[in-house]
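Residue numbers (this note's numbering): 10 to 387.
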Amino acid sequence: MSVAATSDDAVLARTLSSWLRQALKWPSLEVAGLSRPKAGTSNETVIVTVRWADDGRRRDERLVVRIQPTGRQLFQHPDTIGEGRVLRAVAAAAPVPVPRVLAFEPDAGVVGSPFFVMSHVPGRVLSDIPSCHATGWLLDQTPAQRAALWDNGLRTLVDIGRIPVRGDLAFLWAPALGPTGLQQLVTATRHWFDWVRGGRDLDVLSRAMDHVERERPDHDDRTLSWGDARVGNMMFAPDGTVAAVLDWETPAVGPAEVDLGWWLMMDEFYSHGLGSPPLPGVPDEDAQVARWEGLIGRPARELTYYKLLAALRFAIVCARSTDISIARGVARPDTTMHTRNPAGLLLYRWLGEPVPDLAPEFTAMMARFARKRAGRTG
Numbered sequence: 010m011s012v013a014a015t016s017d018d019a020v021l022a023r024t025l026s027s028w029l030r031q032a033l034k035w036p037s038l039e040v041a042g043l044s045r046p047k048a049g050t051s052n053e054t055v056i057v058t059v060r061w062a063d064d065g066r067r068r069d070e071r072l073v074v075r076i077q078p079t080g081r082q083l084f085q086h087p088d089t090i091g092e093g094r095v096l097r098a099v100a101a102a103a104p105v106p107v108p109r110v111l112a113f114e115p116d117a118g119v120v121g122s123p124f125f126v127m128s129h130v131p132g133r134v135l136s137d138i139p140s141c142h143a144t145g146w147l148l149d150q151t152p153a154q155r156a157a158l159w160d161n162g163l164r165t166l167v168d169i170g171r172i173p174v175r176g177d178l179a180f181l182w183a184p185a186l187g188p189t190g191l192q193q194l195v196t197a198t199r200h201w202f203d204w205v206r207g208g209r210d211l212d213v214l215s216r217a218m219d220h221v222e223r224e225r226p227d228h229d230d231r232t233l234s235w236g237d238a239r240v241g242n243m244m245f246a247p248d249g250t251v252a253a254v255l256d257w258e259t260p261a262v263g264p265a266e267v268d269l270g271w272w273l274m275m276d277e278f279y280s281h282g283l284g285s286p287p288l289p290g291v292p293d294e295d296a297q298v299a300r301w302e303g304l305i306g307r308p309a310r311e312l313t314y315y316k317l318l319a320a321l322r323f324a325i326v327c328a329r330s331t332d333i334s335i336a337r338g339v340a341r342p343d344t345t346m347h348t349r350n351p352a353g354l355l356l357y358r359w360l361g362e363p364v365p366d367l368a369p370e371f372t373a374m375m376a377r378f379a380r381k382r383a384g385r386t387g
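Okay, structure coming up:
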């Protein structure tokens, strides 16, 4: 099947019906419904409702299909099958709630790209853009409930940071990139940055890349890094506990501070970075670091470095997203959003440089999001 076939919902539903019957050993299974949630470009996510007979009774269940991107992707080497392997390994290794992986398909010939199928976890996630501090269900929570949400998230973050990279996670270890997990991550970041840059001068991103290479600490912890560690990638149950940890496209090996730095940077990005100060009850950075240290049982190390590394990696995502927007005709080729976005502005600030204004296009985009949100809730 060609890649284009996956854009036809009816064709995809028929293909998945046949494949799932064989993969899950449910002979009467049919895909009765299919939807494509709006999401990023790191993977395509398809939610299907499957129907089958069990002892004469009809049963319905929702499943999630994660399909590897084949063009205009954020990451240089997307590995959707690897994401599924990490989910399975995490489920077996730690008390971390993740969706249950049901089956893999590494052959691109089925739907045009490799994919895997996992369970659908009920719950709710926080808004990204507009910020969860400006819209969505977090506004309806009390300060105590918000504090509990963040605390539950930090507990889960620490549980992830304790998972050793061995056994079914050993495939993440890449000795060709360096002798430690952190050096491997920094080297991989350099390769990815050079791919996104394509010979251009990306201003503050280039200086930040040089900085994280030059100032890299000598930490050799061989533990799992989630990669996109933020409260917005957690599914919450009605009681505020974490129902599932989502979005494992960029797992790595390194000290737990890699994820803590990303967590803190993203908290800054999705609050002050988007013009929405944290709501009452959401702990500030000092309180979150102290709580993390108490949970993990040791002081956090070199957090200034790990936050800068996180901001750099997210700024690379923003630069690549800008290139994709230009290619799709939704951004002008001369836009300054490659660097003048909230992630880029964090780099200017944390490198001690003068901080420019946000790109006018970014400000206009945020205003459009706000108007759309107001139209849906008005």
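The beta-carbon is built from N, C-alpha and C at its ideal position, and this holds for glycine as well. Please read all numbers here as calculations on a predicted model, not as lab measurements.
Selected residue, minimal CA-CA separation from residue i, among the options
i, options, result
"residue 38", "109, 52 and 71", "71"
"residue 245", "232, 80, 105 and 284", "105"
"residue 23", "276, 42 and 35", "42"
"residue 205", "322, 329, 301 and 317", "329"
"residue 336", "17, 82 and 27", "82"
"residue 124", "55, 284 and 375", "55"
"residue 85", "276, 207, 130 and 289", "207"
"residue 299", "375, 30 and 167", "167"
"residue 31", "61, 172 and 301", "61"
"residue 272", "262, 243, 247 and 248", "243"
"residue 360", "218, 250 and 339", "218"
"residue 378", "143, 87 and 66", "143"
"residue 145", "263, 188, 338 and 241", "241"
"residue 250", "165, 67 and 150", "165"
"residue 3", "201, 258 and 346", "The question about residue 3 has no answer here: the residues shown for the chain are numbered 10 through 387."
"residue 285", "176, 100 and 139", "139"
Length of the line joining the Cα atoms of residue i and residue j
i, j, result
"residue 185", "residue 216", "25 Å"
"residue 358", "residue 213", "10 Å"
"residue 321", "residue 237", "13 Å"
"residue 295", "residue 372", "29 Å"
"residue 141", "residue 64", "44 Å"
"residue 309", "residue 156", "21 Å"
"residue 173", "residue 232", "4 Å"
"residue 293", "residue 18", "44 Å"
"residue 334", "residue 375", "15 Å"
"residue 178", "residue 95", "7 Å"
"residue 315", "residue 267", "6 Å"
"residue 203", "residue 210", "10 Å"
"residue 323", "residue 68", "42 Å"
"residue 276", "residue 66", "47 Å"
"residue 175", "residue 187", "17 Å"
"residue 368", "residue 338", "17 Å"
"residue 291", "residue 16", "40 Å"
Under 9 Å between C-beta atoms of residue i and residue j
i, j, result
"residue 344", "residue 331", "yes"
"residue 230", "residue 265", "yes"
"residue 79", "residue 117", "yes"
"residue 128", "residue 109", "yes"
"residue 255", "residue 134", "yes"
"residue 351", "residue 282", "yes"
"residue 355", "residue 194", "no"
"residue 20", "residue 35", "no"
"residue 235", "residue 325", "no"
"residue 76", "residue 121", "yes"
"residue 197", "residue 261", "yes"
"residue 363", "residue 349", "no"
"residue 279", "residue 137", "yes"
"residue 189", "residue 228", "yes"
Residue i - DSSP class collapsed to helix/strand/coil
i, result
"residue 22", "helix"
"residue 375", "helix"
"residue 387", "Here residue 387 scores only 49 on pLDDT, less than 50, and its place in the model is too uncertain to base an answer on."
"residue 84", "coil"
"residue 201", "helix"
"residue 346", "coil"
"residue 237", "coil"
"residue 295", "helix"
"residue 61", "strand"
"residue 168", "helix"
"residue 195", "helix"
"residue 69", "strand"
"residue 262", "strand"
"residue 96", "helix"
"residue 253", "strand"
"residue 333", "helix"
"residue 101", "helix"
"residue 41", "strand"
"residue 143", "coil"
"residue 111", "strand"
Whole-angstrom C-beta distance between residue j and residue i, which should lie under 8 Å
i, j, result
"residue 158", "residue 304", "Not confirmed; about 15 Å, so no contact."
"residue 225", "residue 269", "With a Cβ gap of about 16 Å, residue 225 and residue 269 do not count as contacting."
"residue 74", "residue 126", "5 Å"
"residue 289", "residue 152", "4 Å"
"residue 103", "residue 171", "7 Å"
"residue 114", "residue 28", "7 Å"
"residue 370", "residue 346", "5 Å"
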